[in-house]
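Scroll down for the structure; my scribbles are underneath it.
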Amino acid sequence: MSQDSKVKTTESSPPAPSKARKGLPVLDPSGDYYYWWLNTMVFPVMYNLIIVVCRACFPDLQHSYLVVWFVLDYTSDLLYLLDIGVHFHTGFLEQGILVVDKGMIASRYVRTWSFLLDLASLVPTDAAYVRLGPHIPMLRLNRFLRVPRLFEAFDRTETRTAYPNAFRIAKLMLYIFVVIHWNSCLYFALSRYLGFGRDAWVYPDPAQPGFERLRRQYLYSFYFSTLILTTVGDTPLPAREEEYLFMVGDFLLAVMGFATIMGSMSSVIYNMNTADAAFYPDHALVKKYMKLQHVNRRLERRVIDWYQHLQINKKMTNEVAILQHLPERLRAEVAVSVHLSTLSRVQIFQNCEASLLEELVLKLQPQTYSPGEYVCRKGDIGREMYIIREGQLAVVADDGVTQYAVLGAGLYFGEISIINIKGNMSGNRRTANIKSLGYSDLFCLSKEDLREVLSEYPQAQAVMEEKGREILLKMNKLDVNAEAAEIALQEATESRLKGLDQQLDDLQTKFARLLAELESSALKIAYRIERLEWQTREWPMPEDMAEADDEAEPGEGTSKDGEGKAVQEGPSAI
Numbered sequence: 001m002s003q004d005s006k007v008k009t010t011e012s013s014p015p016a017p018s019k020a021r022k023g024l025p026v027l028d029p030s031g032d033y034y035y036w037w038l039n040t041m042v043f044p045v046m047y048n049l050i051i052v053v054c055r056a057c058f059p060d061l062q063h064s065y066l067v068v069w070f071v072l073d074y075t076s077d078l079l080y081l082l083d084i085g086v087h088f089h090t091g092f093l094e095q096g097i098l099v100v101d102k103g104m105i106a107s108r109y110v111r112t113w114s115f116l117l118d119l120a121s122l123v124p125t126d127a128a129y130v131r132l133g134p135h136i137p138m139l140r141l142n143r144f145l146r147v148p149r150l151f152e153a154f155d156r157t158e159t160r161t162a163y164p165n166a167f168r169i170a171k172l173m174l175y176i177f178v179v180i181h182w183n184s185c186l187y188f189a190l191s192r193y194l195g196f197g198r199d200a201w202v203y204p205d206p207a208q209p210g211f212e213r214l215r216r217q218y219l220y221s222f223y224f225s226t227l228i229l230t231t232v233g234d235t236p237l238p239a240r241e242e243e244y245l246f247m248v249g250d251f252l253l254a255v256m257g258f259a260t261i262m263g264s265m266s267s268v269i270y271n272m273n274t275a276d277a278a279f280y281p282d283h284a285l286v287k288k289y290m291k292l293q294h295v296n297r298r299l300e301r302r303v304i305d306w307y308q309h310l311q312i313n314k315k316m317t318n319e320v321a322i323l324q325h326l327p328e329r330l331r332a333e334v335a336v337s338v339h340l341s342t343l344s345r346v347q348i349f350q351n352c353e354a355s356l357l358e359e360l361v362l363k364l365q366p367q368t369y370s371p372g373e374y375v376c377r378k379g380d381i382g383r384e385m386y387i388i389r390e391g392q393l394a395v396v397a398d399d400g401v402t403q404y405a406v407l408g409a410g411l412y413f414g415e416i417s418i419i420n421i422k423g424n425m426s427g428n429r430r431t432a433n434i435k436s437l438g439y440s441d442l443f444c445l446s447k448e449d450l451r452e453v454l455s456e457y458p459q460a461q462a463v464m465e466e467k468g469r470e471i472l473l474k475m476n477k478l479d480v481n482a483e484a485a486e487i488a489l490q491e492a493t494e495s496r497l498k499g500l501d502q503q504l505d506d507l508q509t510k511f512a513r514l515l516a517e518l519e520s521s522a523l524k525i526a527y528r529i530e531r532l533e534w535q536t537r538e539w540p541m542p543e544d545m546a547e548a549d550d551e552a553e554p555g556e557g558t559s560k561d562g563e564g565k566a567v568q569e570g571p572s573a574i
């Protein structure tokens, strides 16, 4: 093999799973350890976003707790540094395979914008404390460059939490708090620049009783910013250009924030309504239909109670539609984990192949019956079987009152009717009345779904039919003579079918021979026609024959050749 072909083969083949070097383990970006590290990074990022600006705008806060700030600052810097190390030990997917080679991980990471931002966020700008003094926290503004890590942590949490809509609302409230916090810090800094107490708009003079306390300063600024950004009003009118510019900027920010809040809340409400519509059937259309069709009040009340029962008890009737976007294998695994234990209780399904049960689980249809509602009546054609998931059902007489037996959770009925067993004396019809005593949750498996699945598992079909015959024998509902007659009839039918298949094969063979002979005859005829065409091309044309007659000297119809002999021409020569 040439070198070029080797290179092409290497490029087209998927990368082999790389082995991690010795040392710290490589993290899976979709794993739990990486997720909890992202949640840990939320604290240093939020600390820098909230505290650094507050310390820069409220000097008393910076001076009062200087040692605490130094400890927290360099603790967050240490976490920032460790986060870079985590990046160097976080794998990535290439053609669907997790790459754990640290050399490839490092090479990929250093070529991204994330690496440049991470380095810029750790530039030791606070080294300027040596010359400018330790009371200038604005030197640490480059720590804000780690904000993308915060957004990544929020996105991961939103996909993992069981309450994504509540998390979105909490995240929105956090963003609103940060915006108002920053605005209150800027307001206090602007008031200090313009002069405290110079007019009614700025922060009052700290010399006044109560306004010199740090807590009062922050709460007053936060309250003032909240009034502006919520456009509530009741704020003093600005008196100077700087105050007007600040108010205009806040109003524009408030308009944008209001639109963002409304859009986010609308999205959350829409998602909640969509989730409810996906989980529970829409009862508004049914209610409107019953109103237009003048359904009697009693029946309408039963329908409304059924919908109310589903909504209150969080019961679903459309599991297939909910799981439809999952891959088939993953959908099967989810359904198996939920319903396989219920299906395995059915006697005819015991000891069946696991793959067969997995396919049957996907065919189960959950159904809920109201109190007093009949699941089936005696004499009905059995087209499905039922497995009781929850609730109680009674086998009742024709009067609907007398109870013969009570069926509870885990039991099943109607399984014989969905299997075509020869000699079944009930003829696939229901032999009893089944009525729900309360609200009952059942699983329904139709005959068509079972037949579709069993078509791929003939051995399992034979085993299930045998189990069904055993059950019918115990119930004295299997006619052995009729079964033998049906078997004989089936064997005779199969024999006739084999004979017809043999005759059909013979006819096909004869037909193929006739086609071959027809093709051979057609080829021969075409060949003969072609030979005749070539022969007719050598014949003289009528014009040439007329000229030859005019030039004939010996006599009519004769001419001399090169040796002087007379040659007869014309049609007779032909």
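Position 148, counted from 1, in the sequence shown is what full-length UniProt numbering calls 148; the numbers after and before it change by one each time, with no gaps. Cβ coordinates follow ideal geometry from the N, Cα and C atoms, glycine included.
Separation of residue j from residue i, as counted between CA atoms
{"i": "ASP32", "j": "LEU38", "result": "10 Å"}
{"i": "GLU243", "j": "LEU285", "result": "56 Å"}
{"i": "MET104", "j": "LEU150", "result": "25 Å"}
{"i": "MET256", "j": "PHE144", "result": "22 Å"}
{"i": "SER221", "j": "TRP201", "result": "11 Å"}
{"i": "LEU116", "j": "ARG146", "result": "11 Å"}
{"i": "ALA516", "j": "ILE525", "result": "14 Å"}
{"i": "MET385", "j": "MET262", "result": "50 Å"}
{"i": "ARG168", "j": "ARG156", "result": "12 Å"}
{"i": "LEU472", "j": "PHE413", "result": "13 Å"}
{"i": "VAL453", "j": "SER446", "result": "11 Å"}
{"i": "GLU470", "j": "LEU478", "result": "9 Å"}
{"i": "PRO236", "j": "VAL53", "result": "25 Å"}
Collapsed DSSP secondary structure at residue i in the structure displayed
{"i": "SER18", "result": "Below a pLDDT of 50, predicted positions are generally treated as unreliable, and SER18, at 46, falls in that range; the measurement from the model is reported next regardless. Coil, per DSSP."}
{"i": "ARG389", "result": "strand"}
{"i": "ARG168", "result": "helix"}
{"i": "GLN568", "result": "Note that GLN568 scores 44 on pLDDT, short of 50, meaning its location in the model is unreliable and no value can be drawn from it."}
{"i": "GLN503", "result": "helix"}
{"i": "ARG377", "result": "coil"}
{"i": "TYR412", "result": "strand"}
{"i": "THR230", "result": "coil"}
{"i": "GLN490", "result": "helix"}
{"i": "LYS435", "result": "strand"}
{"i": "ARG383", "result": "coil"}
{"i": "SER495", "result": "helix"}
{"i": "GLN403", "result": "strand"}
{"i": "LEU292", "result": "helix"}
{"i": "ARG430", "result": "coil"}
{"i": "VAL395", "result": "strand"}
{"i": "LEU237", "result": "coil"}
{"i": "ASP449", "result": "helix"}
{"i": "ASP250", "result": "helix"}
{"i": "ASP28", "result": "coil"}
{"i": "GLU11", "result": "Low confidence applies here, because GLU11 scores a pLDDT of 42, under 50, leaving its location unreliable; read the following figure in that light. If DSSP states are grouped into helix, strand and coil, GLU11 belongs with the helices."}
{"i": "SER455", "result": "coil"}
Exposed unless 16 or more other CB atoms sit within 10 angstroms - verdict on residue i
{"i": "ASP205", "result": "exposed"}
{"i": "ARG240", "result": "exposed"}
{"i": "SER30", "result": "exposed"}
{"i": "GLY564", "result": "Residue placement at GLY564 is flagged as unreliable, the pLDDT there being 45, under the threshold of 50; a coordinate-derived value is accordingly withheld."}
{"i": "LYS498", "result": "exposed"}
{"i": "LEU532", "result": "exposed"}
{"i": "ASN183", "result": "buried"}
{"i": "TRP534", "result": "exposed"}
{"i": "LEU514", "result": "exposed"}
{"i": "ILE312", "result": "exposed"}
{"i": "GLU415", "result": "buried"}
{"i": "GLN217", "result": "buried"}
{"i": "SER521", "result": "exposed"}
Examine the Cβ distances between the region 395 to 409 and the region 357 to 370 and report whether three or more of them are shorter than 8 Å. no
So within the region 294 to 373, which uninterrupted beta strand (DSSP E) runs reach at least 3 residues, ignoring any that extend past its ends? 365 to 369
Is the region 82 to 93 touching the region 105 to 117 in the sense that three or more CB pairs, one from each, lie closer than 8 Å? yes
Examine the Cβ distances between the region 366 to 381 and the region 425 to 439 and report whether three or more of them are shorter than 8 Å. yes
With contact counted as at least three CB pairs below 8 Å, one residue from each stretch, are the region 39 to 51 and the region 64 to 83 in contact? yes
Are there three or more Cβ pairs, one per stretch, closer than 8 Å when the region 125 to 143 is compared with the region 59 to 74? yes
In chain order, which continuous runs of the alpha helix (DSSP H) of length 4 or greater are located wholly inside the region 47 to 90? 53 to 57, 59 to 64 and 66 to 87
Uninterrupted alpha helix (DSSP H) stretches inside the region 77 to 163 (no shorter than 4 residues): 102 to 109, 113 to 121, 129 to 132 and 147 to 160
Stretch pair the region 369 to 379 + the region 459 to 472: three plus CB contacts closer than 8 Å: no
Three or more C-beta pairs under 8 Å: does that hold for the region 159 to 175 against the region 208 to 215? no
Under 8 Å: do the region 337 to 356 and the region 390 to 400 share three or more Cβ pairs, one atom per stretch? no
For the region 170 to 215, which segments carrying the beta strand (DSSP E) assignment without a break, of at least 3 residues, lie completely within its bounds, in sequence order? none
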